[in-house]
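Engineer: Here the UniProt record's numbering is used: the first residue of the sequence shown is 1, the next is one more, and so on.
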Amino acid sequence: MDIMGRKSSALLLTDDVALPLDAILSAVRDAGAEAVPEDDVVVITQCESLEGKLPIMTASFDVVVTAWNKPELVGEQWLREIGRVLKPGGELILQSILSSGVLEKPSSTMELKLLMQGFLDVQSLEMKPFSSSGNVQSITIKGKKASWTTGSSFPLKKATSMVPKIKIDDESDLIDEDSLLTEEDLKKPQLPDFGDCEVGSTRKACKNCTCGRAQEEEKLQKVGLTTEQMNNPQSACGSCGLGDAFRCGGCPYRGLPPFKLGEKVSLPGNFLVADI
Numbered sequence: 001m002d003i004m005g006r007k008s009s010a011l012l013l014t015d016d017v018a019l020p021l022d023a024i025l026s027a028v029r030d031a032g033a034e035a036v037p038e039d040d041v042v043v044i045t046q047c048e049s050l051e052g053k054l055p056i057m058t059a060s061f062d063v064v065v066t067a068w069n070k071p072e073l074v075g076e077q078w079l080r081e082i083g084r085v086l087k088p089g090g091e092l093i094l095q096s097i098l099s100s101g102v103l104e105k106p107s108s109t110m111e112l113k114l115l116m117q118g119f120l121d122v123q124s125l126e127m128k129p130f131s132s133s134g135n136v137q138s139i140t141i142k143g144k145k146a147s148w149t150t151g152s153s154f155p156l157k158k159a160t161s162m163v164p165k166i167k168i169d170d171e172s173d174l175i176d177e178d179s180l181l182t183e184e185d186l187k188k189p190q191l192p193d194f195g196d197c198e199v200g201s202t203r204k205a206c207k208n209c210t211c212g213r214a215q216e217e218e219k220l221q222k223v224g225l226t227t228e229q230m231n232n233p234q235s236a237c238g239s240c241g242l243g244d245a246f247r248c249g250g251c252p253y254r255g256l257p258p259f260k261l262g263e264k265v266s267l268p269g270n271f272l273v274a275d276i
């Protein structure tokens, strides 16, 4: 039997020699599956001899119905093969006759097998046996193949961060920042005036000094101190900055006003004026 090129709506698998087709189609309708016309069904009897391999193209059927007298046929090989011939989104209605010694219906075990093979919406159905011969018990499970195929892909929507739009009302209580500035704030700051003398490491007053450096050098010459001694005065005895009353006879700071150690010595404006 070679039905590789044929595509129909439904496939019926049974390990029996014959099975009433009307009962199968009625069961399909009762299970809520899509109605299948009688002339659009492929029936394979004594399927046990196929050993779980169907000569059918992949994704050929919308519905597959199994009617097995041997529960051991419901295994990984057959379920994988049924999933292969089903179209994406196709349905499986699986019925198996229970052995006479079975007291409880192993529906949970059957459902777990379908779930392990990737079927969705697996549930147990209350349905009469497809075969009307004898007083037998059966179990019926319904499952659905996923609507996507292995290897399929779809673009992911990139999450965009939406910035909330703020409506600004002209009559709101917002304050204009420029109105907080005064005329004094808008004036250009005056940079400090730099001397017109040399700015090197030696820094001497120029010939026509107008910045006051020449007067400072003259004061230093009068007191006999270096620039370092005037800008950063130090004292070995600790009393040089207290004034002449506390200074010794050889103190280089004699004649200068009191000062703080480590701070520049400030000379009064009349320091160079001769005493009368």
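Where is the CB? At the ideal position from N, CA and C, for every residue including glycine.
At which residues does the beta strand (DSSP E) containing Asp-121 begin and terminate?
Structural biologist: Numbered from 1 along the sequence shown, position 121 holds the residue referred to as residue 121. Element bounds for Asp-121: 120-125.
Engineer: Between the Cα of residue 287 and the Cα atoms of Val-63, Leu-19, Pro-20, Thr-226, which residue gives the shortest distance?
Structural biologist: This structure cannot speak to residue 287, because the chain is shown only from 1 to 276.
Engineer: How many Å lie between Arg-29 and Ser-108 at the Cα?
Structural biologist: In the sequence shown, the residue the question calls residue 29 occupies position 29. In the sequence shown, the residue the question calls residue 108 occupies position 108. Near 24 angstroms, if we compare the C-alpha coordinates of Ser-108 and Arg-29.
Engineer: For Gly-238, which of Gly-249, Pro-252, Leu-261, Leu-256 has the nearest alpha-carbon?
Structural biologist: As a working mapping, residue 238 is identified with position 238 in the sequence shown. Measuring from the Cα of Gly-238, the nearest candidate turns out to be Leu-261.
Engineer: Roughly how many angstroms lie between the CA atoms of Glu-126 and Met-57, to the nearest whole one?
Structural biologist: Reading the sequence shown from its first residue, position 126 is the one you call residue 126. Reading the sequence shown from its first residue, position 57 is the one you call residue 57. When rounded, the distance between both Cα atoms is 31 angstroms.
Engineer: Would you give the residue range spanned by the alpha helix (DSSP H) that Ala-27 belongs to?
Structural biologist: Stepping through the sequence shown from its first residue, residue 27 is reached at position 27. Segment 21-30, the alpha helix (DSSP H) holding Ala-27.
Engineer: My understanding is that Leu-21 touches Val-43, with C-beta atoms under 8 angstroms, so please give their C-beta distance in whole angstroms.
Structural biologist: By 1-based counting over the sequence shown, the position of residue 21 is 21. By 1-based counting over the sequence shown, the position of residue 43 is 43. The Cβ separation is near 7 angstroms, so the contact holds.
Engineer: Is Leu-181 buried or exposed, if buried means 16 or more other CB atoms sit within 10 Å of its CB?
Structural biologist: One-based indexing of the sequence shown puts residue 181 at position 181. Exposed, because fewer than 16 other Cβ atoms sit within 10 Å of the Cβ of Leu-181.
Engineer: Nearest-angstrom Cα distance between Gly-89 and Gly-143?
Structural biologist: For the purposes of this step, residue 89 is taken as residue 89 along the sequence shown, with counting starting at 1. For the purposes of this step, residue 143 is taken as residue 143 along the sequence shown, with counting starting at 1. Distance between the alpha carbons of Gly-89 and Gly-143 is about 10 angstroms.
Engineer: Looking at the secondary structure, which residues open and close the beta strand (DSSP E) in which Val-85 lies?
Structural biologist: In the sequence shown, residue 85 corresponds to position 85, counting from 1. Not the beta strand (DSSP E): Val-85 falls in the alpha helix (DSSP H), residues 76-85.
Engineer: Take the Cβ of Arg-247 as the centre, count every other Cβ of all protein chains shown within 10 Å, and call the residue buried at 16 or more, exposed below.
Structural biologist: The residue given as residue 247 occupies position 247 in the sequence shown. Looking at its Cβ environment, which holds 16 or more other Cβ atoms inside 10 Å, Arg-247 is buried.
Engineer: Since Phe-130 and Ala-67 are thought to touch, with beta carbons under 8 angstroms apart, how far apart are those beta carbons, to the nearest angstrom?
Structural biologist: Locating residue 130 in the sequence shown gives position 130, counting from the first residue. Locating residue 67 in the sequence shown gives position 67, counting from the first residue. That belief holds up - the Cβ atoms of Phe-130 and Ala-67 are roughly 4 angstroms apart, short of 8 angstroms.
Engineer: Checking 7 angstroms against the spacing of the C-beta atoms, do Val-36 and Ser-9 come in under that value?
Structural biologist: Locating residue 36 in the sequence shown gives position 36, counting from the first residue. Locating residue 9 in the sequence shown gives position 9, counting from the first residue. In this structure, Ser-9 lies closer than 7 angstroms to Val-36 by Cβ.
Engineer: Determine the DSSP secondary structure at Gln-95, reduced to helix, strand or coil.
Structural biologist: Walking along the sequence shown from the start, residue 95 turns up at place 95. Three-state result, Gln-95: strand.
Engineer: Looking at the structure shown, is Lys-113 part of a helix, part of a strand, or coil, going by DSSP?
Structural biologist: In the sequence shown, residue 113 corresponds to position 113, counting from 1. DSSP places Lys-113 in helix when its eight states are reduced to three.
Engineer: Count the other CB atoms, across all protein chains shown, that sit within 10 Å of the CB of Asp-39; report buried if there are 16 or more and exposed otherwise.
Structural biologist: Your numbering for residue 39 matches position 39 in the sequence shown. Counting Cβ neighbours within 10 Å, Asp-39 comes out exposed, since fewer than 16 surround it.
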